[in-house]
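Taken in order, these protein sequences are the chains called A and B.
Here the working numbering is used: the first residue of the first sequence is 1, the next is one more, and so on.
Here the working numbering is used: the first residue of the second sequence is 1001, the next is one more, and so on.
Just so it is clear, CB atoms sit at the ideal spot from N, CA and C, and this is done for glycine as well.
Keep in mind the model is a prediction, meaning the values are calculated, not measured.
Read the structure below first, then the notes.
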Amino acid sequence: MARILIIEDTIENMYLTTYLLTNAGHEIIQATTGEEGVEKALSEHPDIILMDILLPGIDGYEATMRIREAETDKPIPVVALTSYAMVGDREKALSLGCTGYIEKPIDPETFVKKIEEFLKSEE
Amino acid sequence: MNLRTKVIIIYICITLMVVILIGGVLPTALQKQNLETISEKSLDELRHINFALSNLVNEAKYDVHELSINDILRTRDDSGFTTFLDADEETFRYSYGDTEKEIIEIMMDYQSTHPSVNSVYMGRESGTFVRSCERARPTAYDPRERPWYILGKENPGEVMVTDPYRSVTTPDVNIGVVTALTDDQNEVYGVVGADITLVNLTNYISKIDVGHEGEVILVDGNGVILAGRDPSGLYTNVSTILGGQTETFLNTEEGVLVLNGGYLVYYTSPELGWKVGEIIPFEYINKKINESIGKTLLFVIIALILLSVITIIVFSHTIIKPLSGLTEVSRKIAESGDLDQEIDTTSTGEIGTLARSFKAMVEKIRTEEEARKKAFNELENYRDNLEDLVAERTSELEAAKEKAESADRLKSVFIATMSHELRTPLNSIIGFTGVVLQEIPGPLNDEQKKQLGMVRGSARHLLSLINDIIDISKIEAGTVELGSGEFDLADVISEIKNILEENARQEGLGFEVNMPDTIPVTGDERRVKQVIMNLVTNAIKFTDKGSVTISADETGDGFIEVSVTDTGIGIKEEDLKQLFRAFSRILTPERVTGGTGLGLYLSQRIAEAMGGGITVMSREGEGSTFTFRFLKNTEEER
Chain A
1 MARILIIEDT
11 IENMYLTTYL
21 LTNAGHEIIQ
31 ATTGEEGVEK
41 ALSEHPDIIL
51 MDILLPGIDG
61 YEATMRIREA
71 ETDKPIPVVA
81 LTSYAMVGDR
91 EKALSLGCTG
101 YIEKPIDPET
111 FVKKIEEFLK
121 SEE
Chain B
1001 MNLRTKVIII
1011 YICITLMVVI
1021 LIGGVLPTAL
1031 QKQNLETISE
1041 KSLDELRHIN
1051 FALSNLVNEA
1061 KYDVHELSIN
1071 DILRTRDDSG
1081 FTTFLDADEE
1091 TFRYSYGDTE
1101 KEIIEIMMDY
1111 QSTHPSVNSV
1121 YMGRESGTFV
1131 RSCERARPTA
1141 YDPRERPWYI
1151 LGKENPGEVM
1161 VTDPYRSVTT
1171 PDVNIGVVTA
1181 LTDDQNEVYG
1191 VVGADITLVN
1201 LTNYISKIDV
1211 GHEGEVILVD
1221 GNGVILAGRD
1231 PSGLYTNVST
1241 ILGGQTETFL
1251 NTEEGVLVLN
1261 GGYLVYYTSP
1271 ELGWKVGEII
1281 PFEYINKKIN
1291 ESIGKTLLFV
1301 IIALILLSVI
1311 TIIVFSHTII
1321 KPLSGLTEVS
1331 RKIAESGDLD
1341 QEIDTTSTGE
1351 IGTLARSFKA
1361 MVEKIRTEEE
1371 ARKKAFNELE
1381 NYRDNLEDLV
1391 AERTSELEAA
1401 KEKAESADRL
1411 KSVFIATMSH
1421 ELRTPLNSII
1431 GFTGVVLQEI
1441 PGPLNDEQKK
1451 QLGMVRGSAR
1461 HLLSLINDII
1471 DISKIEAGTV
1481 ELGSGEFDLA
1491 DVISEIKNIL
1501 EENARQEGLG
1511 FEVNMPDTIP
1521 VTGDERRVKQ
1531 VIMNLVTNAI
1541 KFTDKGSVTI
1551 SADETGDGFI
1561 EVSVTDTGIG
1571 IKEEDLKQLF
1581 RAFSRILTPE
1591 RVTGGTGLGL
1601 YLSQRIAEAM
1611 GGGITVMSRE
1621 GEGSTFTFRF
1631 LKNTEEER
């Protein structure tokens, strides 16, 4: 059982991700903007954060950097959800402090498994 | 060495040559001429002396004649006159009668008017002898035996001059001027005479100013020296001085003889028959010559100096100054390059021509220089213009580039946005379809599963289409970014085999792989995988029976080659060209399922980006071989 912060602006995707992870028995915290995500990350101390990159306001990279700058305890793992479109995204995400990287669109059959692997490697 | 110095040196040389020439040639020439001049002059003097001498003798002769016609002297009665016929030196005493006294007085008068006459005397046939002065010693003496008396007696009516004779009682040598006393019957009864001593004659001659240091000698017709500077030489024969030349001397009227110490210029007195000569020492002639040469040289040198000075001044004004001016102008031009120099062209002749030519040359150079400068300026202007033009074009190009780049950025942003925007709905379509198909919300019947499967398939096709379009637009924009990293191609191919072997088997095809255990590669693993996947997928798709074979290895020249060979339908030769075009579909419509028409095109582009390419060998109905060639290390290439 883990507490997972999902930062995602699209309702359908938020629902899908939340559905899949809740169905797998995890506790979900939701944020729809980068600012809100940073705020909740620092206040709620989730076990892992799923970070959409293209967000209204500050983007996922910026949000990740702010979390990294502000947090005092052990860093919270951040998994970036990026498009396949941009070749540099993966490298950029990792260099800015993201722990992992999942391409969108997600595969509902393997998604939960991947997240749980990140959680396991963090323990 | 400048021109002025050269001219001066030339003049010095000329002067030296002239001086040497004059010094060497002139003495010889002058000696002869000088001798002639001097002898001429000397002869004049000698004539002068002769004239004076003739005067002296003629006067004496005239006065002796006067005496001879004096009545008192002519007295026939000479019984009372002094006689030395039986005179005894010891006992003789002078005692004069009245007549004799009178005669002596007349004689004294005569003597006083003739300083060179030392005695006047008269001899008679009776042997008496009357004399103006007493004899030095009253020795026995017969006048009738004396040469003067004999000469006079033999030439009655004439005044005769005797040869020099020595006095009986004194050492004097005299010449006598004598004439006979004759009576009415022309009978000689006595001789009157006057003696001129040679010493007196010498004194007389030496009083005549001959104008130079020559020694005057007087020689009678027999060669006896009558007068000369050296008293000891008097009354000696001239042959003691002349030697072998005596004959010439005596037998010629006048001439010049060369003696030991000088020249003898001589002249024969037409009246007296005596020779008057002048000995001119060599030193005198040489002195004269030296004086002449000195004067000539002085004159020549002064003349040459004057000539030099005048020439140099003229030279300086007409040649050197204009030339110096030209030289100065040339120097200025050479040093400063300033062609605006004043050139004096007022000279005439060659220098003027030179100056004018020089001026014309400078003018020409200036004209050309100006033309050159003008051309240069034009060129420079043009160059500046060109720079401006280039700058303008560059800025235009930069602007265009900027525009293009900003267009590119816009395009990238558009692609990224579109990708996201399209994918976001696809994310939920594929995601929810998957969730439903997993029967998480609840069980589905078979028909529902089938139709939802079709939805998922279409969604996935749509996704791959989107992905391909994004890839192609990136490649065409030149913004393909290849990832890099080390990976083992053998692993990649094994993975592909795992994924697609099942598909092949479902189609009833064999699936083979020929490759080494490991093929280390540095590059973009995902792209390599994408290309091989594309080729193998195509091979499976277009092969009905037989097998698909993957072969991979290094080529040895830094490349990797992966070949995918099938035993499929093959490709017509005319279709091969179209094979790598975008959206090219050369196959029958029923074959198109699942294909975007972009796969080979994209793969080819990716292979090119990796430094290689994709080649195909195919025979219709027999199968095809696609060979993917790429650099083993794309890192190094970039």
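- With a minimum length of 4 residues, the unbroken runs of alpha helix (DSSP H) contained wholly in the segment 1094 to 1169 of chain B fall at 1098 to 1113, 1147 to 1154.
- In this structure, the alpha-carbon of residue 1377(B) lies about 41 Å from that of residue 1319(B).
- Its chain contains no residue whose beta carbon lies nearer than 7 Å to that of residue 1395(B) once the 5 sequence neighbours on both sides are disregarded.
- In terms of CA proximity to residue 1083(B), 1144(B) leads the group 1002(B), 1144(B), 1148(B), 1065(B).
- The beta carbon of residue 1428(B) sits closer than 8 Å to some beta carbon of chain A.
- Cβ proximity to chain B below 9 Å picks out 104, 105, 106, 107, 108 from the segment 95 to 108 of chain A.
- Along the segment 1427 to 1446 of chain B, the positions whose C-beta sits under 7 Å from a C-beta of chain A are 1427, 1428, 1430, 1431, 1432, 1434, 1435, 1438, 1440, read in chain order.
- Bounds of the alpha helix (DSSP H) holding residue 1323(B) are 1321 to 1336.
- Taking the C-beta atoms as reference points, residue 1118(B) is found nearer than 8 Å to residue 1172(B).
- DSSP places residue 1182(B) in the uninterrupted beta strand (DSSP E) bounded by 1173 to 1182.
- For residue 1581(B), the three-state secondary structure derived from DSSP is coil.
- For residue 1186(B), the secondary structure class from DSSP, reduced to helix, strand or coil, is coil.
- Collapsing the DSSP output to three states places residue 1564(B) in a strand.
- Residue 1628(B) sits in a strand when the DSSP states are folded into three classes.
- Taking 8 Å as the cut-off, the beta carbon of residue 1004(B) is found no closer than this to the beta carbon of residue 1292(B).
- In the DSSP assignment, residue 51(A) forms a beta bridge with 7(A), 80(A).
- Following the DSSP letters along the chain, one finds residue 1281(B) in no alpha helix (DSSP H) but inside the beta strand (DSSP E) bounded by residues 1275 to 1281.
- At a cut-off of 8 Å between beta-carbon atoms, residue 16(A) makes contact with chain B.
- The contact set of residue 12(A) on chain B, defined by CB atoms closer than 7 Å, consists of 1428 in chain order.
- Interface annotation, residue 1634(B): not in contact with chain A, CB-CB separation never under 8 Å.
- Not one beta carbon of chain A lies nearer than 8 Å to the beta carbon of residue 1567(B).
- For residue 19(A), the nearest CB of chain B lies under 8 Å from its own CB, placing it at the interface with that chain.
- Taking a cut-off of 8 Å for Cβ pairs, the segment 1057 to 1067 of chain B and the segment 1157 to 1164 of chain B touch, as three or more such pairs fall below it.
- If you draw a straight line from the Cα of residue 1330(B) to the Cα of residue 1321(B), it comes to about 14 Å.
- Between residue 20(A) and residue 112(A), the CB-CB gap stays under 8 Å.
- DSSP places residue 1001(B) outside both helix and strand once states are collapsed to three, so it counts as coil.
- For residue 1486(B), the enclosing beta strand (DSSP E) covers residues 1486 to 1488.
- Taken through DSSP and simplified to helix, strand or coil, residue 1604(B) comes out as helix.
- Counting only Cβ-Cβ distances below 9 Å, residue 54(A) has contacts in chain B at 1416, 1417, 1420, 1424, in chain order.
- At least one CB of chain A lies nearer than 8 Å to the CB of residue 1463(B).
- Under the three-pair Cβ rule at 8 Å, the segment 1034 to 1053 of chain B counts as touching the segment 1268 to 1278 of chain B.
- For residue 30(A), the uninterrupted beta strand (DSSP E) segment begins and ends at 27 to 31.
- The Cβ-Cβ distance between residue 1242(B) and residue 1218(B) does not fall below 8 Å.
- In this structure, residue 23(A) lies away from residue 1569(B), with their beta-carbon atoms at least 8 Å apart.
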